[in-house]
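Chains as they are written, first to last, in the UniProt record's numbering: chain A, 1 to 201; chain B, 1 to 201. Just so it is clear, CB atoms sit at the ideal spot from N, CA and C, and this is done for glycine as well. Predicted model, so just to flag it, every value in this text is computed and none were measured. Read the structure below first, then the notes.
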């Protein structure tokens, strides 16, 4: 349970205490891990934060709604100055900066993604990074957990990072400032019901 | 564990199976109950759903970010037709339809709020209702749980309802289709850290 090193309260102003970088993890087998991360991003957007979303797992219906809504909020920001900018990247052909569109393997795509995130962290590009389903990348060994945590530990300024996904490695939980576990108490799929448009995507 | 009565799969089309009304509960002592509800509402917004948000507990910084973001999304809808309309009500003086602004008690305000929701449910006003911190109203006995559940059970059409809050009464969990518990594994407040702008509100 190390987390961010303890802050010397007496040396910081209230404003500084309100702007400590956070590493936040939403994990567990229940619903709400990603939706909570995107709900939190709404707060950041309203603070005028620059938000970077990275999606690491392919899925046919993935985050269609969230993506469209944040694209609309980014548009609002560009047209009116309200809120902040939102940048959205999806793994694979969706990695917008990837020069080639040919199929690449998971390890290579993960490394590409992480290299991009590392660069943005070094440049303090965003105020909030949402690394959606990032646990899969780590749990599958596509990226080295220690290298990832080392990069995060050394990130400059006040850049918040939210990671989601089941089976988050223990080192990440140890390094995180805030960890929430979403647990399924009851789910309609248990009794064979179908996914609902607008609820599941 | 009753939930919505089992659906006769063979009598419904896929489209019908994808449009069953859901009663969804996010509870537990951890973070993410409300943010997950609002993240889900982003999906609904993108489906073109009409969304009604009801906030039942006063707080100085309550959902400022989410409220502003959904107001912007409502504006996008009005101007471009993208997404759906969003209506936002906060308890007390914030109950926008309340004629008087004088202080009223919690029971009276809860009843006013529930009467409004019941009316909207009967009229199928919204596709998704977010009843934020609704458990407090129920756990404190400001509304009768059985009456609330009776109204919900009889709601017409496909109206989804998401309720959030700690200590959700067991009858509500029994009646719900989907229940997720958010559990705190680690939180920076534990070590005396301050709330962060953009993270906590």
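Query	Result
Segment contact flag, the stretch 38 to 54 of chain A with the stretch 121 to 136 of chain A, C-beta cutoff 8 Å, min 3 pairs	yes
Meets three-Cβ-pair contact criterion under 8 Å: the stretch 20 to 35 of chain B and the stretch 113 to 120 of chain B	no
Environment of residue 167 (chain B) [buried if 16+ CB atoms lie within 10 Å]	exposed
Residue range of the alpha helix (DSSP H) that includes residue 121 (chain B)	106 to 122
Residue closest to residue 21 (chain B), alpha-carbon to alpha-carbon, out of B:179, B:113 and B:155	B:155
Identity of the residue in B:200, B:198 and B:182 nearest residue 33 (chain A) by Cα	B:182
Backbone CA spacing between residue 99 (chain B) and residue 122 (chain B) [nearest angstrom]	Below a pLDDT of 50, predicted positions are generally treated as unreliable, and residue 99 (chain B), at 48, falls in that range; no measurement from the model is reported.
Three or more C-beta pairs below 8 Å linking the stretch 69 to 82 of chain B and the stretch 74 to 84 of chain A	yes
C-beta atoms of residue 133 (chain A) and residue 57 (chain A) nearer than 8 Å	yes
Secondary structure of residue 180 (chain B), DSSP reduced to three states	strand
Nearest candidate by alpha-carbon position, reference residue 171 (chain A), set A:158, A:40 and A:135	A:135
Contact test: residue 26 (chain A) Cβ vs the ligand NAD heavy atom, cutoff 7 Å	For the ligand NAD, the structure offers nothing, since it holds no ligand at all.
For residue 161 (chain B) and residue 131 (chain B), believed in contact at Cβ under 8 Å, the rounded distance	7 Å
Extent of the continuous beta strand (DSSP E) run through residue 163 (chain A)	160 to 164
Under 8 Å by beta carbon: chain B residues contacting residue 78 (chain A)	Result: empty, since nearest Cβ-Cβ is about 12 Å, beyond 8 Å.
Beta-carbon proximity check, residue 65 (chain A) vs residue 201 (chain A), cutoff 8 Å	yes
Any C-beta of chain B under 8 Å from that of residue 177 (chain A)	yes
Residue closest to residue 88 (chain A), alpha-carbon to alpha-carbon, out of A:106, A:199, A:38 and A:151	A:38
Burial state of residue 80 (chain A), where buried means 16 or more other Cβ atoms lie within 10 Å	exposed
Residue 14 (chain A) burial status per 10 Å Cβ neighbour count (16 or more: buried)	exposed
Chain A within 8 Å of residue 134 (chain B), Cβ atoms only	no
CB contact flag (residue 149 (chain A), residue 111 (chain A), <8 Å)	no
Inside the stretch 10 to 45 of chain B only - beta strand (DSSP E) runs reaching at least 3 residues	23 to 27
Between the CA atoms of residue 55 (chain B) and residue 103 (chain B) - distance to the nearest angstrom	Caution applies to residue 103 (chain B), whose pLDDT of 49 falls short of 50 and renders its modelled position unreliable; the value that the coordinates give is listed next. About 17 Å.
Anticipated Cβ contact below 8 Å, residue 198 (chain B) with residue 196 (chain A), distance rounded	At roughly 30 Å, the Cβ-Cβ gap does not stay under 8 Å, so residue 198 (chain B) and residue 196 (chain A) are not in contact.
C-beta neighbour in chain A for residue 74 (chain B), strict 8 Å	no
Rounded straight-line distance, which links the Cα of residue 43 (chain B) to that of residue 193 (chain A)	19 Å
Interface flag, residue 149 (chain A) vs chain D, CB-CB below 8 Å	Going by chain labels, chain D is absent from the structure shown, which instead holds the protein chains A and B.
Chain B contact for residue 142 (chain A) (CB, 8 Å cutoff)	no
Length of the line joining the Cα atoms of residue 212 (chain A) and residue 63 (chain A)	Shown here, chain A extends from 1 to 201; a query on residue 212 (chain A) therefore has no answer.
First and last residue of the uninterrupted alpha helix (DSSP H) at residue 77 (chain B)	64 to 80
Cβ neighbours of residue 159 (chain B) in the same chain (closer than 8 Å, five flanking residues each side left out)	21, 121, 124, 126, 127, 128 and 129
Anticipated Cβ contact below 8 Å, residue 174 (chain B) with residue 23 (chain B), distance rounded	Not quite, the Cβ-Cβ distance comes to about 10 Å (not below 8 Å), so this is no contact.
Cβ shell of residue 145 (chain A) (< 6 Å), same chain only, five flanking positions each side left out	138, 169 and 171
For residue 106 (chain A) and residue 152 (chain A), the rounded distance between their alpha carbons	21 Å
DSSP-derived helix/strand/coil call for residue 139 (chain B)	helix
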